[in-house]
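Trainee: Please find one structure pasted underneath; my questions will follow.
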């Protein structure tokens, strides 16, 4: 019995197996082959091979594109890979070796980009988004990745206006949208127009929450300086209201999304990038030295003194000119060169990555040593970025990332952001050079003073999404970002007017951000979304908590140069100290200490019909703890529409049109303008006791305005995307009209209120313009080793107009009492204009000076009493009010420090294994004030001194200037030195005149890279190198400009060329990139 | 081929057209008029025999230039209109600047030219108010009321009820008469109230007993006389009204006498064409009218300093008198310095 049963069972079992066998045994064939890219004929790793019938994965190609899978012969399989068209192959049992070629798809359309934290395809995005591939940011080692973005995105204006390593230049998207000017003179600057920075879906303050002001107390290293360019996969720039709507009020100035690389290879890949680069100082300013300087000084004293007796008396008192044989005072020291140096630095990056979409990982180590061209400046950074993504089931995906970085910056002798240069620090060449017994305070300061800044940044995030119901996904992202800034500064007494200065700064700030939401996707035709209705909806809420604490200790006048601690309350500022430094600024204390909370809710709906017509609706509500009490919330609604017209029946017949889309968007963005100070007021301890106790009284400078509204901007954007001739030409065109209103301005109050001013909403301005970006591939050869040429150019034209000031006012003047270059705001003109005297030439003879018929005297420089009459050699300033005197009424409103057109171009040539890449950027029409030239001319007056007001005097090479030389001579610049008395009264070379306002247009070659790709060499196989590339880069190669100063780019946002700015250096790099 | 070119052009043209009308939605730049523009004074005191200039009194507060400022509605203090203020008079204006290095009166006069202007004038672009020298029979001393309108392309403002006080003429400075009554002022010397006269400043001048003479013991009188050309003469008398010869002032460097002119920023030569009388008691100079040049603009005075040396108490001492003045009336003037105590010139 049992045996029979067993037999029957066994035979049944065998039969069952036999029946089920056909699934496997029925012509199960192993197919092998290779998948190559149709254009480059290279193997594509990571291609998924899918059984189309039951959508089951059959295998993945390996690192060389080879695959092998076993399946039934009559199936058809699909080869799928991102960026390529899906290849469907019907299996044929007779053909087991498959050589599959895959065509690259319109990467630009089907690729996924993340807009507003939502993953979309570029084809369905109606906002204006520009994508920069990470490959475009390679091969140039810079301190801050922002430098490499210059000229790559139309509408993003980046000016690398400082060469100080680790500091960043200026950035604005679609014009300036701020009116607040702070600071005075060369240090005057505009409030920043920073966009929001999103790193791998984590929103981060662009500067790490640190204000980049001139009085920056701390290290001033932002997050962009710490990200290594080799780790960047792509950067997306969101420019219009629709793309930035879901980022909320922090994205009101645009959003920059940085995506770092992910692992994507079944076998782990090790990428090594290493390079050595040399920073060389720019051409130095021509100065006069040695006997030419001595002759100039003596000649000037003779010519400019009142008479011979006065000249002799001045010469007698100028010790350095009295004896031409005195070896102490008759040198020819090249001081400038002593401040600058050539440095050799290195940049290294090691990345280990691997995995597949189910589990991938990446670890990126980076180290860069970058010493600046001015002694004791530099920026070293170390960073480690690790990332892990898991998708255990189709429904659940988890990602985690830990980023940590350390930036060490030395600021040398510099103070603020751009005041690190050596422009005004070098003294007369007649003085002896530095030696054992002779020091120069300024040079010693640059060499021996210490200014160490350390920034430590740790950022961690974890994000996951889970499909809890079909078509519903739950998304959650939580991140924590922590910074520590320290700055230690020590100035020796010799360099600091006989006072030592010991300065310590510690700042910590952190940000906790969590975002949770639900997505819903609906496709009416699941197999082919191009044939039905598609809806994508999501809602999420975001909570953000920031804290920031900064502490400063400034101890001056210590007992010796070796006293470096402990640091406590500075004796110099101790109240009750009879030698209290009443005129000094006491920075001791805690300048910043706050906790900030923000909560937001957002909803998004996107509907598209056959991916042909797309409608996007977005809305976000933000509330934060610093807002005005009566208006704590800001709203950001937006609507967008996109028409992919190449899918229309009519146009799909046009073979020359590969893709085409028209976009139209409109949206509102609010930027919170209320701070605790202007919406709630400031209270302070009263200085006089009341009823024997110290009262707490309001600060009577500013009265609170609880009705502060956020600053708003509404923007209309029309865009056109075209791809022509099978990808040979692609054109992106955008035009926009952005209206920014409710800008916060000070309103002065009547003295009867007891307060000075109140901040109100009332300013408004409009920015409109056009952006065009064209990429072409004029020469493409089918042979991958043949000659290929890609060329792209982009440009943006932006005009800004001030449309409103509070109270219906038409004109406002920001008076500058340092350089008198005031900034004028006038409705109907560009938002910021210069306010200068109009120089029309130079008086050739004294008889040319106009005479007042009523008063019988010549035109003079002051309308009160005094004798500041003009003479030959003085500039001709237009006398607008006809009163024959120079006064406030003679100023004209002129100029625009914001550029009109900015853009860049890029060209890549490749032949055989060589490739040459040239990257350039340009700027057209910008008015900058050449304060550096004016400062140098001003020094020529002091021929009898080596320093004035603590600033050393050196003699600039004036022979290149067209200055007035004598009676009857016409020239552009006035006489260098009229007479000592006259120049002090009339100040012909003053800063606030149009002769120093020049056009700062330029064309700059940013980068030239020559690279060689090693292919199929034997040593590569031995070392298991998949990929080896060597390159040589020249960075910051040349600048062509009509500007008479050295560099029209290193100017402040208001267009002031500071003599003390840190120059941009040229660098040469040799590097290799290898992949194992 | 054609279709594609056509369609590209259409798309381009539409967008360019659409965007070029951005400008229409925006306000253009307009001129600006500030309602805070103001005059620094609203009462103007003028003397009819000189050019009175009120300079730099209008502050336009950054309004767009050029502005147009005009005087209107001039009336007497009782409200009756005052057309005499707008009547045209011949005035002298400058075509070249006064440098202070001219050698003769004719050189200075060559720099001037004659033009017709209203008596009460304003410089239209800058708001400087001028009252030209006028005839007191025509414009009687008193108070006049007038309005000023300041305007430019963006707006205007009327300043109402400014006062013009026309005083009695002052033919010379320093003037010690009351502007309204015409009576000489008084001064207090040693507790006594006496009529006020100009006193020169004395240094080292001693009387016959070698006691310092106070400056209140010396008076300066100005006497006008008819003369075809503009001149002035200086005479010095002692207490008995006997003339003191200028040869007594033996340390005076006559050719080097200079006074500082603010208009020329220079030490200008004192008077032109100096001549002495036969007995050296009267020195006469030619002058411009007013004298010094531009005395009415900047308040300048011509200064003369006469010094003598003598031996006293074993050392060489210098004594001297110094005084400054300005003359506004055409013709000849005698400037008489009268000592009430005799100075001692002899050596001791």
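Chains as they are written, first to last, in the working numbering: chain L, 1 to 1076; chain F, 10001 to 10348.
Quick reminder that beta carbons are idealized off the backbone N, C-alpha and C, glycines included.
Values in this document were obtained by computation on a predicted structure and should not be read as measured data.
1) For the alpha helix (DSSP H) holding residue 986 of chain L, just list the boundary residues, first then last.
2) What are the boundary residues of the beta strand (DSSP E) that includes residue 604 of chain L?
3) Going along chain F, which residues have a C-beta under 9 Å from residue 856 of chain L?
4) From this set, F:10285, F:10318 and F:10320, which residue's C-alpha is nearest residue 10331 of chain F's C-alpha?
5) Could you please give me the residues that DSSP links to residue 696 of chain L through a beta bridge?
6) For residue 811 of chain L, return the contacting residues in chain F, with the cut-off set at a CB-CB distance below 8 Å.
7) Hey, is the segment 610 to 617 of chain L in contact with the segment 549 to 568 of chain L, meaning 3+ C-beta pairs nearer than 8 Å?
8) Hey, is residue 869 of chain L's beta-carbon within less than 8 Å of any beta-carbon in chain F?
9) Say whether chain F places a C-beta atom closer than 8 Å to the C-beta of residue 1076 of chain L.
10) Distance, Cα to Cα, residue 10305 of chain F vs residue 10116 of chain F?
11) My output table needs one value for residue 215 of chain L: the three-state DSSP class, helix, strand or coil.
12) What did DSSP end up calling residue 10238 of chain F once you bin it into helix, strand or coil?
13) Sorted by chain position, which residues of the same chain lie with C-beta nearer than 8 Å to residue 232 of chain L's C-beta, five sequence neighbours on each side aside?
14) What whole-angstrom Cβ distance do residue 846 of chain L and residue 872 of chain L have, given they're in contact under 8 Å?
15) Hey, would you say residue 162 of chain L sits closer than 8 Å to residue 1061 of chain L, going by beta carbons?
16) Under the rule that 16 or more other beta-carbon atoms within 10 Å means buried, what is residue 468 of chain L, buried or exposed?
17) Is the separation between the beta-carbon of residue 975 of chain L and that of residue 861 of chain L shorter than 8 Å?
18) Using a Cβ cut-off of 8 Å (strictly closer), state whether residue 10068 of chain F contacts chain L.
19) I need the boundaries of the beta strand (DSSP E) containing residue 753 of chain L, first residue and last residue.
20) Which runs of the alpha helix (DSSP H), 4 residues or longer, sit entirely within the segment 10266 to 10340 of chain F?
21) Examine chain F for any beta-carbon lying closer than 8 Å to the beta-carbon of residue 881 of chain L, and answer yes or no.
22) Could you name the residues of the same chain whose beta carbon sits closer than 8 Å to that of residue 21 of chain L, not counting the 5 residues immediately before and after it, in chain order?
23) Please decide whether residue 10208 of chain F counts as near chain L, where near means a Cβ-Cβ distance under 8 Å.
24) Decide if residue 10140 of chain F is buried, meaning its Cβ has at least 16 other Cβ atoms within 10 Å, or exposed.
25) Using a Cβ-Cβ cutoff of less than 6 Å, which residues in the same chain neighbour residue 521 of chain L once the five nearest sequence positions on both sides are dropped?
26) Using the three-state DSSP reduction, which class does residue 824 of chain L fall into: helix, strand or coil?
27) Kindly confirm or deny that the segment 10026 to 10035 of chain F and the segment 302 to 313 of chain L touch, where touching means at least three C-beta pairs closer than 8 Å.
28) What residue does the beta strand (DSSP E) around residue 1099 of chain L start on, and which one ends it?
29) Pick out whichever of L:119, L:60, L:152 and L:4 has its Cα sitting closest to the Cα of residue 795 of chain L.
30) Tell me whether residue 113 of chain L sits in a helix, a strand or coil according to DSSP, three-state version.
31) Cα separation between residue 809 of chain L and residue 10033 of chain F?
32) Cα-Cα, which of L:890, L:1064 and L:473 is closest to residue 281 of chain L?
33) DSSP three-state call for residue 221 of chain L: helix, strand or coil?
34) Counting only the same chain and skipping the five closest in sequence on each side, list residues whose C-beta sits under 6 Å from that of residue 859 of chain L.
35) Any contact between the segment 703 to 723 of chain L and the segment 232 to 244 of chain L? By contact I mean 3 or more CB pairs, one from each, below 8 Å.
36) For residue 198 of chain L, which of helix, strand or coil comes out of DSSP?
Mentor: In short:
1) Per DSSP, residue 986 of chain L belongs to the alpha helix (DSSP H) from 980 to 986.
2) From DSSP, the beta strand (DSSP E) with residue 604 of chain L extends over 589 to 609.
3) Neighbours of residue 856 of chain L across chain F, judged by C-beta separation under 9 Å: 10093, 10094, 10096, 10097, 10098, 10111, 10112, 10263, 10293, 10294 and 10297.
4) Closest option to residue 10331 of chain F, Cα to Cα, is F:10285.
5) Note: residue 696 of chain L sits in a beta bridge opposite L:685.
6) Here the neighbours are 10032, 10034 and 10062.
7) In short, these stretches do not touch, since the Cβ pair count stays below three.
8) Yes, because at least one Cβ of chain F sits closer than 8 Å to the Cβ of residue 869 of chain L.
9) Judged by the 8 Å Cβ criterion, residue 1076 of chain L is not in contact with chain F.
10) Residue 10305 of chain F and residue 10116 of chain F have their C-alpha atoms spaced approximately 39 Å apart.
11) Confidence at residue 215 of chain L is low in this model, with a pLDDT of 44, below 50, so the placement of that residue should be treated as unreliable; the coordinate-derived value is given next. Residue state, collapsed to three classes: coil.
12) In the structure shown, residue 10238 of chain F sits in coil (DSSP, three-state: anything other than H, G, I, E or B).
13) So the list reads 134, 137, 145, 258, 259, 260 and 261, once near-sequence residues are dropped.
14) Right, the Cβ-Cβ distance comes to about 5 Å (below 8 Å), so this counts as a contact.
15) Going by beta carbons, residue 162 of chain L and residue 1061 of chain L fall inside the 8 Å limit.
16) Looking at its Cβ environment, which holds fewer than 16 other Cβ atoms inside 10 Å, residue 468 of chain L is exposed.
17) Cβ atoms of residue 975 of chain L and residue 861 of chain L: not closer than 8 Å.
18) Not closer than 8 Å to any Cβ of chain L, the Cβ of residue 10068 of chain F fails to qualify, so no.
19) No beta strand (DSSP E) holds residue 753 of chain L; DSSP gives it neither H nor E.
20) Correct list: 10295 to 10298.
21) Under the Cβ criterion of 8 Å, residue 881 of chain L is counted among the residues facing chain F.
22) Confidence in residue 21 of chain L is poor, its pLDDT being 44 and thus under 50, which makes the residue's placement unreliable; the coordinate value appears in the next sentence. Cβ-Cβ distances below 8 Å link residue 21 of chain L to nothing in the same chain once the five nearest sequence neighbours on each side are left out.
23) Output row for residue 10208 of chain F: interface = no.
24) Per the 10 Å Cβ criterion, exposed.
25) Same-chain partners within the cutoff: 471 and 536.
26) Taken through DSSP and simplified to helix, strand or coil, residue 824 of chain L comes out as strand.
27) Flag = no, the segment 10026 to 10035 of chain F and the segment 302 to 313 of chain L do not touch.
28) The requested residue 1099 of chain L does not occur in the structure, where chain L is confined to residues 1 to 1076.
29) Residue L:152 is the option with its Cα nearest to residue 795 of chain L.
30) DSSP places residue 113 of chain L in the strand class (E or B) of the three-state scheme.
31) Going by the C-alpha atoms only, they are around 10 Å apart.
32) The option with the nearest alpha carbon to residue 281 of chain L is L:1064.
33) The three-state secondary structure of residue 221 of chain L, taken from DSSP, is coil.
34) 849, 850, 870 and 884.
35) Under the 8 Å Cβ criterion, the segment 703 to 723 of chain L counts as touching the segment 232 to 244 of chain L, having at least three qualifying pairs.
36) Strand.
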